[in-house]
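Just below is one structure, and these are the notes that go with it.
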């Protein structure tokens, strides 16, 4: 796993599976029905989603999940831990998506449950602080604290030091930033691999974000601009590598599996970041899903099934 191969055929219209088209159309219909979506405050969006009133169904609550608190630099941090039936084969530290402003571990119960059932890993999902109430750097500070906690207790609590880090969208950005922080601030590299799905790695906004427009296929240009503005409301600049990890020194980081759909406004972020990961001397693999929407692997369909199976194999091989 030391090179990335993509083809122009991945971007052809006839490469998109029928079920992928159906999912995309359903997403656009659901989000188009929400009037003035970009004007809804993040706090209102969060509450609606947790009450099952969001644009997508709230998954059934996981019977595997247990919650506990750890200490962090800005106060307690909630962890939602999903346990396999047997002793964990490893631990996946997960950071949810949501533009640093919305989302929660609870909303990711189905995806995290699937990882536990398919791989035998435990999953630790972090409820990090969200903007605009808690802008940068509070979210990544929480994620860094959770990573340090897991590195310290993994053997005692989980019986393994086989650790993987990752997330989707903003969560993938946070995971990359945390890996760099652990290396530079603490001189440690406890994670064997990284699962980085549809990350927003460059908050200057890549061409695919700027050119996307208004189509609400999970995200659009205005959504991303608003999320970035909320996240950096307390300071921090888009040129800072801690904010935009595409700009960081990426040397000495673990093997990574990147995944993105061709119908994702953040397509360029993953294409650029995966290439920079390799150029820094790290191992990387890239999944490009024809027609896949933003975080396509959390929707039903053949593209998600194939990407998730590859992620399972990646975890098994670490």
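In my numbering, the protein residues as written are 37 to 354.
Glycine included, every Cβ here is placed at the ideal spot set by N, Cα and C.
Sort the options by Cα distance to residue i and report the nearest one.
{"i": "residue 267", "options": "200, 209, 351", "result": "209"}
{"i": "residue 118", "options": "100, 242, 69, 110", "result": "100"}
{"i": "residue 279", "options": "306, 307, 240", "result": "240"}
{"i": "residue 185", "options": "218, 76, 167", "result": "218"}
{"i": "residue 212", "options": "281, 243, 344, 160", "result": "281"}
{"i": "residue 231", "options": "171, 287, 349, 167", "result": "349"}
{"i": "residue 67", "options": "256, 273, 304", "result": "256"}
{"i": "residue 310", "options": "326, 284, 335, 327", "result": "284"}
{"i": "residue 144", "options": "347, 343, 334", "result": "334"}
{"i": "residue 104", "options": "95, 94, 116, 98", "result": "116"}
{"i": "residue 113", "options": "75, 178, 247", "result": "178"}
{"i": "residue 161", "options": "180, 286, 130", "result": "130"}
{"i": "residue 277", "options": "189, 172, 292", "result": "172"}
{"i": "residue 89", "options": "338, 75, 70", "result": "70"}
{"i": "residue 300", "options": "150, 121, 191, 243", "result": "243"}
{"i": "residue 286", "options": "325, 314, 346, 344", "result": "314"}
For a test of the three-state rule: what should DSSP assign to residue i, helix, strand or coil?
{"i": "residue 316", "result": "coil"}
{"i": "residue 154", "result": "helix"}
{"i": "residue 251", "result": "coil"}
{"i": "residue 101", "result": "strand"}
{"i": "residue 226", "result": "coil"}
{"i": "residue 281", "result": "helix"}
{"i": "residue 124", "result": "coil"}
{"i": "residue 109", "result": "strand"}
{"i": "residue 139", "result": "coil"}
{"i": "residue 306", "result": "helix"}
{"i": "residue 192", "result": "helix"}
{"i": "residue 361", "result": "Since the first residue of the chain shown is 37 and the last is 354, residue 361 is not available in this structure."}
{"i": "residue 288", "result": "coil"}
{"i": "residue 385", "result": "The chain is shown only over 37 to 354; residue 385 falls outside these bounds and no answer can be derived."}
Ends of the alpha helix (DSSP H) at residue i?
{"i": "residue 261", "result": "257–267"}
{"i": "residue 85", "result": "78–86"}
{"i": "residue 179", "result": "174–189"}
{"i": "residue 59", "result": "54–68"}
{"i": "residue 243", "result": "243–246"}
{"i": "residue 92", "result": "Segment: none, residue 92 is in no alpha helix (DSSP H) and carries neither H nor E."}
{"i": "residue 338", "result": "338–352"}
For residue i, which beta-bridge partners are listed by DSSP?
{"i": "residue 295", "result": "233, 323"}
{"i": "residue 202", "result": "130, 231"}
{"i": "residue 163", "result": "114"}
Over the uninterrupted beta strand (DSSP E) stretch that includes residue i, give me the two end residues.
{"i": "residue 114", "result": "113–118"}
ask   = Would you call the stretch 39–55 and the stretch 302–321 in contact, with 3 or more CB pairs under 8 angstroms?
value = With a cut-off of 8 angstroms, the stretch 302–321 and the stretch 39–55 count as touching, because enough Cβ pairs lie within range.
task = Kindly confirm or deny that the stretch 73–81 and the stretch 160–178 touch, where touching means at least three C-beta pairs closer than 8 angstroms.
result = A contact exists between the stretch 73–81 and the stretch 160–178.
inquiry  = Check whether the stretch 121–138 and the stretch 196–204 are in contact - that is, three or more C-beta pairs closer than 8 angstroms.
reply    = In the pairwise beta carbon analysis, the stretch 121–138 is classified as touching the stretch 196–204: at least three pairs are separated by under 8 angstroms.
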